[in-house]
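Asker:
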Amino acid sequence: MTLQAHQVSPVLQINSAIALTSEQRHYLCNVLRLESEAEFIALDRQGGWWLAQLSEALDVAKIIAKLENNSELSAQITLGIAMPKGSNIESVIRQTTELGVRQIVPLFSDRTIIKSGTEIGNQKRDRWQRIAEEAAELSMRTYVPEINRPTTLTSWLEHLANAPSPILKYICVISPLVTHLLTSLQSSSFSSDFAENNGQIIIATGCEGGWTPREEEMAIASGFIPVSLGDRVLSAVTAPVLALSIVGAFLDTQ
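Following this line, the structure appears as structure tokens:
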């Protein structure tokens, strides 16, 4: 179970008390059918796993042990996704969270149906974050991915230019002339030092119709390497899932 931000103490430790929300009590007691003194795993949103125990009143839990978990990838993965039509981004958030993404940045692009300047309400962003939380719990993740506020591709590229940690940046394009993502990763400068220095791998995928030539040129000028995901044309929902699968498989075998 993922703890909410207001429940997490900066010095969470053994014997710390957790005041459970009504939703958490419902999930633990009615869905999982746990009783008093039953144990469950609590995620603190800061990379920590804790073994917690329900009180007799079922409204409070107590931390009883610190747990170790190695479910995370050895590098931080950020997905910049040009928002697909409809609610398809929800499927992308769910599946890429299971695959280990650390951060998702919804993007306005030249071909997104939702255009730059459109206000994406807090209710929708909150729903996207809840989907990430549920998927993280399901896949036993240590971290819940952060779903950023939607932004333009231009603004995102400018933000990345000031990132301090080492970064490998890839933009997925439809072209027979570029290197496959896996081949590019294998020939990259990735090493143990990269991971130890909070290295990031950033993947950008387009919406229906892909990126425009202008956008590809902007990304390449910002240090992105254009890569292919294979010989087949993939949907805006399948492409980011495949890209994260390739990155995850690469990192898991290093």
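Sequential numbering of the sequence shown, starting at 463, is according to our numbering.
Each residue gets a CB set at the ideal place from its N, CA and C atoms; glycine is no exception.
Just so it is clear, the structure is predicted and the values come from calculations on it, not from any experiment.
Do Q557 and V703 have their CB atoms nearer than 8 Å?
Answerer: Closer than 8 Å, so yes.
Asker: Please report how far the alpha carbon of S536 lies from the alpha carbon of L713, in whole angstroms.
Answerer: Computed Cα separation, rounded: 6 Å.
Asker: Residues in its own chain within less than 7 Å of L513 by CB, not counting five upstream and five downstream?
Answerer: The residues are E501, I503, I526, A527, L529.
Asker: Mind reading off the beta-carbon distance from F652 to A666? Whole number of angstroms is fine, and I expect it under 8 Å.
Answerer: Rounded, the Cβ-Cβ distance is 18 Å, inconsistent with contact.
Asker: Run through the DSSP bridge pairs and tell me what V689 is partnered with.
Answerer: DSSP lists C634, T641 as partners of V689.
Asker: If you compare alpha carbons, which of L520, M680, D521, T483 is closest to L615?
Answerer: It is M680 whose Cα lies nearest to the Cα of L615.
Asker: Mark D547 as exposed unless 16 or more other C-beta atoms lie within 10 angstroms of its C-beta, in which case mark it buried.
Answerer: One detail in the question is off: residue 547 reads as Lys in this sequence, not Asp. So K547 ends up on the exposed side.
Asker: Would I405 pass as a contact of P607 if the rule is Cβ separation under 8 Å?
Answerer: There is simply no residue 405 to check, as the chain begins at 463 and stops at 716 in what is shown.
Asker: Comparing C-alpha positions only, which one of D693, N659, N531 sits nearest to C634?
Answerer: Nearest C-alpha to C634: D693.
Asker: Identify whether K547 lies in helix, strand or coil by the three-state DSSP scheme.
Answerer: Note: K547 maps to coil in three-state DSSP.
Asker: Compare the Cα-Cα distances from N717 to each of A544, P638, D521, Q466 and report the closest residue.
Answerer: What is shown of the chain runs 463 to 716, which leaves residue 717 out entirely.
Asker: Which value, in whole angstroms, describes the spacing of the CA atoms of E518 and S484?
Answerer: Cα to Cα, E518 sits roughly 16 Å from S484.
Asker: Rounding to the nearest angstrom, what Cα-Cα distance links S601 and G710 in this structure?
Answerer: One C-alpha to the other measures close to 14 Å.
Asker: Under 8 Å by Cβ, that's how I've got I555 and I593 pegged, so tell me the actual separation to the nearest angstrom.
Answerer: At roughly 5 Å, the Cβ-Cβ gap stays under 8 Å, so I555 and I593 are in contact.
Asker: For E497, which three-state DSSP category applies?
Answerer: E497 falls in the coil class under three-state DSSP.
Asker: Using the Cβ count rule (16 or more neighbours within 10 Å means buried), how would you classify Q475?
Answerer: Exposed, by the Cβ-count rule.
Asker: Nearest to E658 by alpha carbon, out of L644, S627, L647?
Answerer: When only C-alpha atoms are compared, the closest one is S627.
Asker: Looking at the strands, I want to know which residues DSSP matches up with V567.
Answerer: G542.
Asker: Please work out which residues of its chain come closer than 8 Å, Cβ to Cβ, to L465, disregarding the five sequence neighbours upstream and downstream, and give them in chain order.
Answerer: Here the set comprises I480, A504, L505, D506, R507.
Asker: In whole angstroms, what is the alpha-carbon distance linking N624 and G661?
Answerer: Rounded to the nearest angstrom, the two C-alpha atoms are 14 Å apart.
Asker: My parser needs the alpha helix (DSSP H) runs of 4 or more residues fully inside the stretch 578 to 620; what are they?
Answerer: For the stretch 578 to 620, whole alpha helix (DSSP H) runs of length 4 or above, ordered along the chain, are 584 to 600.
Asker: If distances are taken between C-alpha atoms only, which option among N477, L644, G542 comes closest to V563?
Answerer: With distances taken between Cα atoms, V563 lies closest to G542.
Asker: Rounding to the nearest angstrom, what Cα-Cα distance links T641 and T674 in this structure?
Answerer: Taking the straight line from one Cα to the other gives about 19 Å.
Asker: By DSSP, does V727 sit in helix, in strand, or in coil?
Answerer: Coverage of the chain is limited to positions 463 through 716, which leaves residue 727 absent and any answer about it impossible.
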